[in-house]
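Beneath this line is the structure, given in structure tokens, with notes to follow.
Residue numbers (our numbering), protein chains in the order written: chain A, 102 to 470; chain B, 79 to 447; chain C, 995 to 1500.
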């Protein structure tokens, strides 16, 4: 039995690995994408371009403007003459926001009276707009505190002492690359498996496998191991890559990392093989796998947290392997998550893996007609 | 003309007989829209916070009440700090607020009271939310508290923020139209990447090449049917967006169709180029996925703002057609037709599309060697 | 003599290899049917592709209908019909849709279309299946449809690349009749084939070997009879000297005392109301060669698939070495070597890699494996092709490889579904030499074929028609049912006609 499976495994490796084009397509893009997307996939807002309409034209207003000019979030601060310009620039997306400072800005401040600044934001990019608005508020608060230190001298105040655990400087890159490794590993595993049986069926070679003494279980093993090894190697490469080049800490247990990784990949491979075995053509298999992957990533907690979804979607995520694995990955990389918590997320994965793999092997046999 | 028509009709038969084309053109868009509408929240999200209260005063009770009253926070009160810390490690809590025993007494003495905010830094986004929510709620509570509010002088500089085009900063207005780019890329690129490769694999290309068919007819015979499929799918999605999901549409349908058409034209160029160069479905789909689809998803500005990316990556994104499409889409829906955006983007798409078309044309081989 | 094709000093090389076409000079006469025969890998397909302009020559000149394919590919395409080996049909289009597509691609006038379609559909007997998807047609029907599509637009030159591979004798007769009727209108036909009886009936024939012409002339000049012709051609190709089959000699049969090795018990396959196979029962003894004969679509391949457990019977079952294929599929299959009708080895793996894979899957141990593979390479002459991808092999070599992989593990039972389709005459003899040798050793063989001479090698034959076994017996018994002097082909055609007339035999 072992010999037979070994032969199948070797063949699977060959057909994935033999064609140099497919070899390059498997190894190079994930690493390149990790490098590029790590910097691209950020929710932090930087390089904001803005305009200021300074009707006050005073030392005070210029002080405020220079706070913006020296802030790390803003790139170009354009001074404009009238509101028409602001309107045009926002419309054409030349700037993301604009400030309008009133004529009496300095006078009111001198008299310790509140004054109002108008902020106009481009609501087409909602996320950028609301985050940028927060930046403005904090810059203005800082301006107040610097220039009018007396104001709150003898008032009750609350100071927030903020501790960001696991990622003290809230480096977004850490979060991004860990999620990216998960997404890329999922893509590799799905592409490798979803086509494997559909291709054999299109070519007629699957019959030959069925007629051979290989049992459905042996075919399953032979079809699972090579993609498992390739995606494991790729995940290891990607993890080393981020640890070495992006200095992302790895705090957890390596053993747990591999146990979880194998379990997770098995669950994804099972899904891929399942699609592959129910589809008649490669096109159906790859598009089917895709129709699984998109929602699985969207509803994994990567884009927005699971607890924030409506109940229906929260229930749906219980069968989504990506959801559980993301928690494990972040836990092992950043949190040194204790085994107890890992297992809480690992057990659902084990179930999903068993379910998807047995569904796949059941389909092998059933779909002969 | 007759030949071209026959090729197109043939392609349509194949499209309609394969459930996967319908899946990708109509089911997937619907699924994505539903998920983006109800499942994924890109605006302010709900977070679970733990509270440890060491100050049993009346004031603190009202403070906790204002946290409880906030719809974005699900509060959990802990007595056992160890359990609380474990829960943040286990990703059950996103943040912790620790109120020290001298909190109210310090405020009573008009001093600065310190509270500790601990966040789960492994979820950078959520950590930011926890910080901002805490900051906002604490200062609102202080400013409205019957006991302290009189002692606090009003803020000097206030902000009057307005979000143009999207007053309520509803991210659905931004994401739902944007998600059209995903399905259009899939149809344009992945589906077409498979179709020429399939004809080579199945040997039909050899037969077609010895009829009166000319090169331009082969190329157009692929472009036109998938173009129609893509535009139909787009109309379907636009209909859903406007009429079912109630996304406001302020632009012109004509303009929308023009730039969508141009985008589809370039995406198909990419897909067909991959297909005619690689000639087998396995490598073609891999190349389309990793080389085309993922970059289109990540670098188009749909999820991650382009302006925040490092400069080299911004350059890279400038050769990705999806970027221009997403920008046009969002603007057209929310702000109406903005010539400054639409015209240059359309010119770029048209030029790239023509270059790709020429490449596809010259790569379409009329011989076997 | 007016020539449709003139070729001068033509040479075509593919990378690293010896030339596929080697300094070839040839004229093909207008208005005649010329047969193109030769061993596997002789360069027949390459020659046809060069004539159409699908491939470009390295040296020499071709003139197709007076045009140079290198420059005027398009003009040539408008005048020729070319049917490639894979027929070029869209399997997800129906019969009529395929026809319509090719009619449009050849710009047949709209008002003539219907008339022509009716004509070709009647001629090919496909009118009943007009709406059926091409992928659901049997092999023979696909070929007829492929030919029909090629014939549209009345080309001046028809190039057919093995159109009759896997086609039953009745359909082949019809196919030739079809072509004959058209050829009277002055059409030139170049027909590549592995059936020498077919080639014998043509006006002229060319025998190709290693890219060179070894005979060019009238078939009747070689011999008056089909049989004699075949003998002569085989001699031209280097002859066949039967020596004891090495494959059979080295074959290690596991001893067993099972009397009926293969049994089909009321095997039935039903699609809706249609019986693909109906209540089929037979018992095959150890060492017997049992042939399934019958027209395309009679249910032979379906029976094969059910008996290997690739398809679940609607009723009944099959036993292999007394193991029920439904109850113990793995056990039953472990005795089995199976060669499918359609080439089903891994096209993107090399010959060597395919051999190694099957050796491994069948559980040969490391030391045995190497010996066995060396032995097979020797027997089937794979040396030249060892590192070639299987998909690039000439048709005949693909079949050899399939057979090699099927017997690799010394199975007690061999299922061979059209093992000799597309194989050259010499190799066919070799194949049967091996099969007979294996049977003598005690291997039980179930085989289908469309070569009537091959049917004679079977111990027993079951004639299949419309899902039922309409006659079973030894070749002599079957022939005697028609007349004492009948040939196998006469018996085949006669028995089916008789069945059609009376509804039952007897």
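All C-beta atoms, glycine included, are put in the ideal place defined by N, C-alpha and C.
Note that this is a predicted model, so its numbers are computed, not measured.
Could you give the DSSP three-state label for residue 227(A): helix, strand or coil?
Reduced to three states, the DSSP call for residue 227(A) is helix.
Based on DSSP bridge pairs, tell me the residues matched to residue 1458(C).
Residue 1458(C) is bridged to 1463(C).
Kindly indicate if chain A contains any beta-carbon less than 8 Å away from that of residue 1499(C).
Here residue 1499(C) scores only 46 on pLDDT, less than 50, and its place in the model should not be relied on; the value that follows carries that caveat. Taking Cβ atoms only, chain A never reaches closer than 8 Å to residue 1499(C), which makes this a no.
Taking residue 130(A) as the reference, which of 229(B), 443(B), 437(B) and 370(B) has the closest Cα?
Closest option to residue 130(A), Cα to Cα, is 370(B).
Is DSSP giving residue 326(A) helix, strand or coil here?
Looking at residue 326(A) - three-state DSSP - the assignment turns out to be helix.
Quick check: the Cα distance between residue 1040(C) and residue 1061(C), rounded to an integer number of angstroms?
Looking at the two C-alpha atoms, the distance is approximately 19 Å.
Within the stretch 130 to 217 of chain B, note down every full beta strand (DSSP E) run reaching 3 residues or more, in order along the chain.
Qualifying beta strand (DSSP E) stretches, in chain order: 151 to 155, 173 to 177 and 190 to 198.
With C-beta atoms as the reference, is residue 166(A) less than 8 Å away from residue 178(A)?
Their beta carbons are under 8 Å apart, which means residue 166(A) touches residue 178(A) by this criterion.
Pair every Cβ in the stretch 373 to 388 of chain B with every Cβ in the stretch 437 to 444 of chain B, then say whether three or more of these pairs are closer than 8 Å.
Judged by Cβ distances under 8 Å, the stretch 373 to 388 of chain B makes no contact with the stretch 437 to 444 of chain B, as fewer than three pairs qualify.
Give the C-beta separation of residue 1227(C) and residue 1419(C) to the nearest angstrom, bearing in mind that I take them to be a contact with Cβ-Cβ under 8 Å.
That pair is a contact at about 6 Å.
My understanding is that residue 395(A) touches residue 110(B), with C-beta atoms under 8 Å, so please give their C-beta distance in whole angstroms.
Indeed, because the Cβ distance is near 7 Å, the residues count as touching under 8 Å.
Suppose you measure from the CA of residue 1500(C) to the CA of residue 1490(C); what does that come to, to the nearest Å?
Reliability fails at residue 1500(C), whose pLDDT of 41 lies under 50, so the model's placement of it is uncertain and the value that follows must be treated cautiously. Rounded to the nearest angstrom, the two C-alpha atoms are 12 Å apart.
Using a Cβ cut-off of 8 Å (strictly closer), state whether residue 114(A) contacts chain B.
No, because no Cβ of chain B sits closer than 8 Å to the Cβ of residue 114(A).
Along the chain, where does the beta strand (DSSP E) containing residue 1016(C) start, and where does it finish?
From DSSP, the beta strand (DSSP E) with residue 1016(C) extends over 1015 to 1023.
Got a sec: which bits of the stretch 116 to 134 of chain B sit with their beta carbon under 9 Å from any beta carbon on chain A, in order along the chain?
Cβ contacts with chain A come from 116, 117, 118, 119, 120, 121, 122, 123, 124, 125 and 126.
Which residues in the same chain as residue 102(A) place their Cβ atom closer than 7 Å to its Cβ, once the five residues preceding and following it in sequence are excluded?
For residue 102(A), where only same-chain residues beyond five positions count, the Cβ hits under 7 Å are 319.
Is DSSP giving residue 164(A) helix, strand or coil here?
Residue 164(A): helix per DSSP, three-state reduction.
Kindly say whether residue 287(B), judged by its beta-carbon, lies nearer than 8 Å to any beta-carbon of chain C.
Answer yes: the Cβ-Cβ gap between residue 287(B) and chain C drops below 8 Å somewhere.
Apart from the five residues on each side of it in sequence, which residues of its chain come closer than 8 Å, Cβ to Cβ, to residue 229(B)?
Hits under 8 Å: 188.
Cutting at 6 Å between CB atoms, please list the residues of its own chain near residue 148(A), excluding the five before and the five after it.
Only 176 meet the Cβ criterion.
Rounding to the nearest angstrom, what Cα-Cα distance links residue 252(A) and residue 420(B) in this structure?
Straight-line Cα distance between these residues: approximately 49 Å.
What residues are listed by DSSP as bridge partners for residue 1053(C)?
1005(C).
Does the stretch 224 to 239 of chain B come into contact with the stretch 234 to 250 of chain A, if we say contact requires no fewer than three beta-carbon pairs (one atom in each stretch) closer than 8 Å?
Because the criterion of three Cβ pairs below 8 Å is met, the stretch 224 to 239 of chain B and the stretch 234 to 250 of chain A touch.
Apart from the five residues on each side of it in sequence, which residues of its chain come closer than 7 Å, Cβ to Cβ, to residue 403(A)?
Cβ within range, chain order: 280 and 427.
Beta-carbon within less than 7 Å of residue 134(A)'s beta-carbon, same chain only, minus the 5 sequence neighbours each way: which residues are those?
The residues are 285.
Drop a sphere of 10 angstroms on the beta-carbon of residue 1309(C), count the other beta-carbons inside from all chains shown, and report buried for 16 or more, exposed for fewer.
Counting Cβ neighbours within 10 Å, residue 1309(C) comes out exposed, since fewer than 16 surround it.
Using a C-beta cutoff of 8 Å, does residue 1046(C) count as contacting chain B?
Closer than 8 Å: yes.
List the endpoints of the continuous beta strand (DSSP E) containing residue 258(A).
First-last of the beta strand (DSSP E) with residue 258(A): 258 to 266.
Taking Cβ positions only, does residue 110(A) come closer than 8 Å to chain B?
No - not a single Cβ of chain B is within 8 Å of the one on residue 110(A).
Using only the alpha-carbon positions, how far apart do residue 285(B) and residue 1317(C) sit?
So the alpha carbons of these two residues sit roughly 46 Å apart.
Terminal residues of the continuous alpha helix (DSSP H) containing residue 277(A)?
Where residue 277(A) is concerned, the enclosing alpha helix (DSSP H) stretches over 273 to 304.
Output yes if chain B places a C-beta closer than 8 Å to the C-beta of residue 1043(C); else output no.
So, interface residue.
Do residue 171(B) and residue 318(B) have their beta-carbon atoms positioned less than 8 Å apart in this structure?
Cβ distance not < 8 Å, so residue 318(B) and residue 171(B) don't count as in contact.
Whole angstroms are fine: how far does the CA of residue 1094(C) sit from the CA of residue 299(B)?
Their backbone Cα atoms lie some 16 Å apart in a straight line.
Measuring only from the beta carbon, is residue 160(A) closer than 7 Å to any heavy atom that is part of the ligand FAD?
In the structure on display, the ligand FAD does not appear, and there are no ligands present to speak of.
For the beta strand (DSSP E) containing residue 1206(C), name the first residue and the last one.
Residue 1206(C) -> beta strand (DSSP E) spans 1206 to 1211.
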